[in-house]
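Some notes on the structure that comes next.
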Amino acid sequence: MDTELILRVAPFFLEAAWVTIQLSVLTALLGLGCGALGAAARLSRLAVFRWIGAVYVSLWRGTPALIQVFILYFGGPQIGIQLDSFAAGTIALGVNIGAYMTETIRGAIVSVDRGQAEAARTLGLSRWQTMRKVVLPQAARLMIRPLGVNINALIKGTALVAPISVVELTYTAQRFIGSTYKPFEMFLVAGVLYMAIIYAVGHGINWLDRRARIV
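Quick note: to get the numbering used here, add 74 to the position in the sequence shown (first position is 1).
This is the structure in structure tokens:
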């Protein structure tokens, strides 16, 4: 193993890790927004909204995320959508992970005992008040760990934007392999940095979960 080479390229990989972190944060936030809207649609009383939510989940979970990235980045200009590679990757991955988060959020909400909602309605709370004050606080505790799993998968999935030239960890590793012919060292550095990011996120998820259980 070429330790000297690893030390020489380390600053470039750290810059790429920062891009990966930014991409992960923005994509996770977009995914949470899409997931919340998707869950609301899936739980709606109106059949048309339930249908829209079901189509969204089925379509985005049923097609590869890489294809979705390619469609938005390469196919977008044909329909007037011109995005740089970072924006296209963020939007495509965010909408994709949002489909998974939709089911995570919906599952947490429906797992709350219906008797509590019925009791709240008996006490005079509206449907919205019942959801906001009774159901969602309990569902939020239940969805922390499953959402953490989604986010960890998302971080690893950011590698899918390498083919559209977003300078994140995988792209950087591929670029240096082309000039150094040392794939082991380059992918090792990228892998270690991915693990460090995922470990930090996992630690944060565990902390949130413990806090939620105390409250």
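Even glycine gets a Cβ: it sits at the ideal position worked out from N, Cα and C.
- Item | Integer-rounded CB distance, given that Val223 should sit under 8 Å from Phe87 | Not confirmed; about 26 Å, so no contact.
- Message: By the three-class DSSP mapping on this structure, what secondary structure does Val209 have?
- Response: helix
- Please check the pair Gly109 and Met175, which I expect to be a contact at CB under 8 Å, by giving their CB distance rounded to whole angstroms. 3 Å
- Item | Per-residue DSSP class, three states only, for Pro138 | coil
- Item | Assumed close pair Ile218, Ala274 - CB separation to whole angstroms, cut-off 8 Å | Going by Cβ atoms, the distance from Ile218 to Ala274 rounds to 16 Å, so no, they are not a contact pair.
- Item | Three-pair Cβ contact test at 8 Å for the segment 251–271 versus the segment 165–182 | no
- Message: Which residue marks the beginning of the alpha helix (DSSP H) containing Gly109, and which one marks its end?
- Response: Thr77 to Arg116
- Item | Inter-stretch contact (C-beta, 8 Å, three-pair minimum) for the segment 137–147 and the segment 161–170 | yes
- Per-residue DSSP class, three states only, for Asp283: helix
- Task: Pull up the distance between the alpha-carbon of Arg188 and that of Met260, whole angstroms please.
- Result: 52 Å
- According to the Cβ coordinates, are Val99 and Phe160 closer than 8 Å? no
- Just curious, the alpha helix (DSSP H) that Val184 is in, first and last residue? Ser159 to Val184
- Query: For the alpha helix (DSSP H) that contains Tyr245, what are its first and last residues?
  - Reply: Leu243 to Thr254
- Item | Pairwise C-alpha distance: Thr101 and Pro151 | 21 Å
- Task: Run the CB neighbour count on Val184, radius 10 Å, all protein chains shown included, and call it buried at 16 or more, exposed below.
- Result: exposed
- Task: List the endpoints of the continuous alpha helix (DSSP H) containing Arg201.
- Result: Arg201 to Thr204
- Helix, strand or coil for Ser239 per DSSP? coil
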